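Here's the structure we're looking at; comments come further down.
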Amino acid sequence: MSIPGPSSYRGSRGLVEGHLCAHTAGGFVRCGDYSNAHSVPASVLPAPSPGCCAHVKTGRTARIRPPKGLHSPPGLIHGGRHHLIPTEVSAMTSTPGSESNDRLSVVYSFPHALGAPGIGWTAWNQVVELIAAGHRVHLVVASLARPVPGAAGVRRTLELSGVRIPHRALGRDRALARHDRIAAAVVRSVRPDVVHAWPLAARRTLAAAAGIGAAGLREAPNTHTAHAYRVVAEECARLGVVLPATASHAENARHLAIEQQEWDAATAVLVPSAPVEQSFLDRGHPAERLQRHRYGYRPGTTLPRTVPDDGPLTVLFLGRVEPRKGLHYALEAWRDSTAAGEGRFLIFGDVVPSYGAFLAPLLDQPGVELHPFTREPAAALAAAHALVLPTIEEGSALVSYEAQAAGCIPLVSTAAGAVLEDGVHGLLHAPRDVDALRRQFELLHERPAERRRLAAAAAAHAPELSWAAAGVALVAAYRAALRGVRADAVAR
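Following my numbering, the numbering of the sequence shown begins with 125 at its first residue and continues without gaps.
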């Protein structure tokens with residue numbers, strides 16, 4: 125029995141709750157629970173009538189009650205309400221992707237707000253590019269901060285009647301565990317080719333992937349967590365700074381144990397840069413169970429340059445002001461450079477209080493300006509000649525992609541995971557190398573022609589840095605992992 129594609133399931137405008145009825149679903153009714161999704165022939169239903177379905181439209185939302193006698197899978201109805209499913213996507217089915225038409229079926233599990241700043245933006249771009257490439261993507265997310273047109277299905281694990289539930293309402297660990305349980309049920313129902321999961325909500329999900337013979341990939345947005353904990357702890361000890369217990373890089377033995385179980389359960393770990401890959405190799409993770417990919421930037425998000433090409437140097441730091449970002453090294457280099465007397469050093473980001481106290485003397489120097497976190501990074505990049513990121517631990521900093529696209533020269537450490545050629549698209553320095561960074565500041569300050577050359581080369585590099593290009597690399601990683609799973613199955 126063939127099932128009509130997503131475009132056949134549009135029915136009422138906007139969002140549809142629960143079922144799409146026979147007269148709106150091209151001859152089939154789609155039952156929308158994600159833990160037990162299936163399709164039902166229209167012949168089992170009465171003719172379209174007020175008794176068959178009741179449409180109550182509110183703006184772009186339609187609430188549809190299933191007809192009497194039609195099975196509602198477990199978990200679909202809570203208190204008489206159905207979960208929302210976008211009509212531009214079909215509900216999740218148990219039909220895997222077909223590699224004969226070069227399409228993959230993917231369950232993408234993200235336990236936070238998809239599309240929110242930070243990793244939410246990373247995940248959203250990955251999903252959007254997978255869909256644009258024709259792959260069938262079933263989303264399991266805590267909530268949606270941005271729409272995702274064309275998804276094969278969307279399950280929200282931290283929403284109630286369309287209202288987002290914050291992680292803290294359940295407790296962060298409980299919320300992540302809940303997400304993991306729901307995502308695992310989706311995997312068993314959908315039976316995809318590939319499962320893509322994120323940290324601390326992937327143990328059951330990846331076990332479910334292995335159970336159905338799917339490739340299970342675990343995103344590693346930062347270096348190996350044990351490595352990250354060690355590097356950050358050493359830096360904090362050196363500076364006399366104490367991180368809040370809730371900080372992402374504050375040591376947490378329980379979280380590390382969970383992550384180790386996730387890495388062990390995965391077919392492969394997705395590593396977005398050479399520093400991340402090396403950190404896993406150094407911890408004994410098998411090379412054949414690492415898949416390289418990368419991140420990107422979205423074309424159309426840059427703004428025209430507002431800083432003069434000539435004149436004093438303006439540098440920019442964008443990011444959380446915390447020890448691992450190494451801002452203190454950049455400020456020391458700036459203080460000792462010839463640029464300090466005339467140039468500007470702009471800092472945008474939220475400050476960890478104890479680190480802010482340490483930085484106070486370095487911030488109190490000519491040309492240094494501290495601003496709060498900005499939701500307009502494109503404007504900040506357009507107003508600077510160079511981006512400085514002297515990080516000591518990173519995955520693959522998105523701002524390094526965005527800076528190049530904006531013609532803002534990256535001055536980044538080799539730990540930043542930036543995709544660039546040193547001396548061509550930007551300038552690299554070793555972590556904690558204050559003198560190298562000082563020389564780079566002086567080069568750009570004293571030689572405007574070199575500044576223009578590097579900025580032009582960085583901007584010309586942009587097409588290779590797009591999220592579309594990153595999507596190609598991600599699918600290649602999926603297929604490599606899937607080949608490994610199938611080879612193992614044949615060998616058994």
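Glycine included, each C-beta is placed from N, C-alpha and C at the ideal position.
Bear in mind that the values here come from a model prediction, so they are computed numbers and not experimental data.
Hey, how far is the Cα of residue i from the Cα of residue j?
i	j	result
Ala611	Leu341	16 Å
Val596	Ala481	44 Å
Arg413	Gly467	47 Å
Arg302	Arg296	10 Å
Glu566	Val523	22 Å
Pro345	Glu446	18 Å
Asp616	Trp245	Just to set this straight, residue 616 is Arg in the shown sequence, not Asp. Looking at the two C-alpha atoms, the distance is approximately 40 Å.
Ala457	Leu552	14 Å
Val476	Gly364	13 Å
Ser403	His348	6 Å
Glu375	Tyr479	17 Å
Leu487	Leu455	7 Å
Leu268	His236	8 Å
Glu358	Asp226	47 Å
Arg618	Ala240	Missing from the structure shown is residue 618; the chain here goes from 125 to 616 and no further.
Val548	Gly491	27 Å
Ala592	Pro485	43 Å
Asn249	Leu440	25 Å
Thr329	Ala605	16 Å
Gly519	Ala326	19 Å
Arg189	Ser537	Confidence in Arg189 is poor, its pLDDT being 37 and thus under 50, which makes the residue's placement unreliable; the coordinate value appears in the next sentence. About 57 Å.
Leu442	Val512	8 Å
Val272	His569	44 Å
His554	Ala580	Note that residue 554 is Ala in the sequence shown, not His. Approximately 24 Å, taken between the alpha carbons.
Asp406	Ala381	17 Å
Glu386	Ala339	13 Å
Ala352	Gly450	14 Å
Arg556	Val314	48 Å
Let me confirm a value: residue i is counted as buried when at least 16 other C-beta atoms fall within 10 Å, else exposed. Which label applies?
i	result
Val614	exposed
Gln489	exposed
Thr425	exposed
Pro396	buried
Gly408	exposed
Glu493	exposed
Pro501	buried
Val231	buried
Ala464	buried
Glu253	buried
Arg260	buried
His495	exposed
Glu588	exposed
Ser461	buried
Phe152	In this prediction, Phe152 scores a pLDDT of 28, lower than 50, which makes its location untrustworthy; the coordinate-derived value is nonetheless stated afterwards. By the 10 Å Cβ count, Phe152 comes out buried.
Thr515	buried
Ser285	exposed
Ala369	exposed
So residue i and residue j are supposed to be a Cβ contact under 8 Å. How far apart are they, rounded?
i	j	result
His262	Val310	6 Å
Glu383	Leu324	7 Å
Thr122	Phe472	With the chain running from 125 to 616 in the structure shown, residue 122 is simply not present.
Tyr421	Glu526	5 Å
Ala539	Glu517	6 Å
Ala594	Arg418	5 Å
Ser233	His291	Incorrect: roughly 15 Å between the Cβ atoms, too far for contact.
Look up residue i in the DSSP assignment and say whether it is helix, strand or coil.
i	result
Asp546	strand
Tyr421	strand
Arg576	helix
Gly277	strand
Pro534	strand
Pro235	strand
Leu228	coil
Thr246	helix
Val265	strand
Leu589	helix
Thr329	helix
His509	coil
Thr349	helix
Val609	helix
Leu282	coil
His303	helix
His452	helix
Ile471	strand
Thr462	helix
His495	strand
Gly340	strand
Closest Cβ-Cβ distance between residue i and chain B: below 8 Å?
i	result
Ala527	This model lacks chain B altogether; it includes just one protein chain.
Consider the C-beta atom of residue i and the heavy atoms of the ligand GTP; say whether any pair is separated by less than 7 Å.
i	result
Ile516	With respect to small molecules bound, the structure shown includes none, and the ligand GTP cannot be examined in it.
Whether or not the stretch 432-439 and the stretch 568-576 are in contact is what I'm after, with contact meaning three or more pairs of Cβ atoms, one per stretch, closer than 8 Å; do they touch? yes
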